[in-house]
Amino acid sequence: MSGSGANSVVTPNSVVTLGDVRFGNDLPLALIAGPCQMESAAHALECAAAIKEIATRRGIGVVFKTSFDKANRTSIKGARGMGLTAALPVFAEIRERYGMPVLTDVHENDQCAPVGEVVDILQIPAFLCRQTDLLIAAAATGRVVNVKKGQFLAPWDMKNVVAKLLESGNPNVLVTERGVSFGYNTLVTDMRALPIMAETTGAPVIFDATHSVQQPGGQGTSSGGQREFVPVLARAAVAVGIAGVFVETHPDPDKAPSDGPNMVPLNQFEALVARLQAFDRVAKDRAN
Numbered sequence: 001m002s003g004s005g006a007n008s009v010v011t012p013n014s015v016v017t018l019g020d021v022r023f024g025n026d027l028p029l030a031l032i033a034g035p036c037q038m039e040s041a042a043h044a045l046e047c048a049a050a051i052k053e054i055a056t057r058r059g060i061g062v063v064f065k066t067s068f069d070k071a072n073r074t075s076i077k078g079a080r081g082m083g084l085t086a087a088l089p090v091f092a093e094i095r096e097r098y099g100m101p102v103l104t105d106v107h108e109n110d111q112c113a114p115v116g117e118v119v120d121i122l123q124i125p126a127f128l129c130r131q132t133d134l135l136i137a138a139a140a141t142g143r144v145v146n147v148k149k150g151q152f153l154a155p156w157d158m159k160n161v162v163a164k165l166l167e168s169g170n171p172n173v174l175v176t177e178r179g180v181s182f183g184y185n186t187l188v189t190d191m192r193a194l195p196i197m198a199e200t201t202g203a204p205v206i207f208d209a210t211h212s213v214q215q216p217g218g219q220g221t222s223s224g225g226q227r228e229f230v231p232v233l234a235r236a237a238v239a240v241g242i243a244g245v246f247v248e249t250h251p252d253p254d255k256a257p258s259d260g261p262n263m264v265p266l267n268q269f270e271a272l273v274a275r276l277q278a279f280d281r282v283a284k285d286r287a288n
């Protein structure tokens, strides 16, 4: 934050720090990873433990991600998660037991304050990225806010989204690319968006490798996906030079209640991380 008094101007932090995890466009790559939704406390803890173990072996910073409510399911019959009340103590336990920062989505203004008590990053879903009151409520928690760029937005338009958070007094902002709508049931990723968002917003940039291969509504009453292209797009994004990669991963994606077709099997996650670290070293011209 710079300036003082009524004329003070808040600028985004170029590096967002959460304990040992640091997100910065020029820093070594960090991760946001976890299952799409919180299916149960035991499942969330199992996934968190496995991801933490992998991150420790690889020497990479990681934030655990899962959603207490998937509020934008294709069908009203789609499973949505454990819900806010049941999920809050699980988030707290993951932070305490594994020492991991935690991220989850928020969809309504009044969710922000209670969620902000137990998580480190509040995520604004792509469909809601221009919802001013939601952005203000998330910013008011003082937590880091990760905003996914809407499938309908140009990358340079994200500066207006970030400005809402900054003008609400919160400089701890991440921006995430997750693909752009292209015809029906298809998303494409324009890799130019990554450096454009870095330059126009000044915030660390994240690439969502799993939702970028989603096929929204592609299975009629649920979304499809092409998980085989997650490593392809992730490598391309990391080669551009970004702060972090968002990857949804699950022990058995084909049995997951949501986003199974685009999640990475947990037993393939470590190999993907190792490859991305190698690309990141080259992109940022680091010897090790």
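Just so we're aligned: the sequence shown equals residues 1 to 288 in my numbering. Beta carbons: idealized from backbone N, C-alpha and C, even for Gly.
The beta strand (DSSP E) runs of length 3 or more contained entirely in the region 50 to 131 are, from start to end of the chain, 62 to 65, 102 to 105, 121 to 124. Of the other Cβ atoms in all chains shown, 16 or more fall within 10 Å of the Cβ of residue 178; this residue is therefore buried.
Taken in chain order, the unbroken stretches of beta strand (DSSP E) that lie wholly in the region 134 to 164 and span 3 residues or more are 144 to 148.
Per the coordinates, the alpha-carbon of residue 132 lies some 32 Å from the alpha-carbon of residue 48.
Taking a contact to require three or more Cβ pairs closer than 8 Å, the region 242 to 257 and the region 33 to 48 qualify as touching.
Beyond the five residues adjoining it in sequence on each side, residue 119 comes within less than 6 Å, by CB distance, of 91, 102, 104 in the same chain, given in chain order. Taking C-beta atoms as the reference points, residue 242 and residue 174 fail to come closer than 8 Å.
The bridge partners DSSP lists for residue 181 are 187.
Between the region 225 to 232 and the region 176 to 190 there are fewer than three inter-stretch CB-CB distances shorter than 8 Å, so the stretches are not counted as touching. Here DSSP, grouped into helix, strand and coil, assigns residue 11 to coil.
Per DSSP, the unbroken beta strand (DSSP E) holding residue 22 starts and ends at 21 to 24. If only complete runs of 3 or more residues are kept, the region 229 to 265 shows the beta strand (DSSP E) at 244 to 250, in order along the chain. The three-state reading of DSSP puts residue 30 in strand, counting E and B together.
Taking the CA atoms as reference points, residue 254 sits about 30 Å from residue 96.
Apart from sequence neighbours up to five positions away, the residues of its chain that approach residue 234 with a beta-carbon distance below 8 Å are 207, 209, 245, 247, 272, 276, ordered along the chain. Cβ contact annotation for residue 171 (same chain, cutoff 7 Å, sequence separation greater than five): 1, 10, 11, 12, 13, in chain order. The count of Cβ pairs closer than 8 Å, one atom from the region 80 to 89 and one from the region 120 to 139, stays below three, leaving the stretches out of contact.
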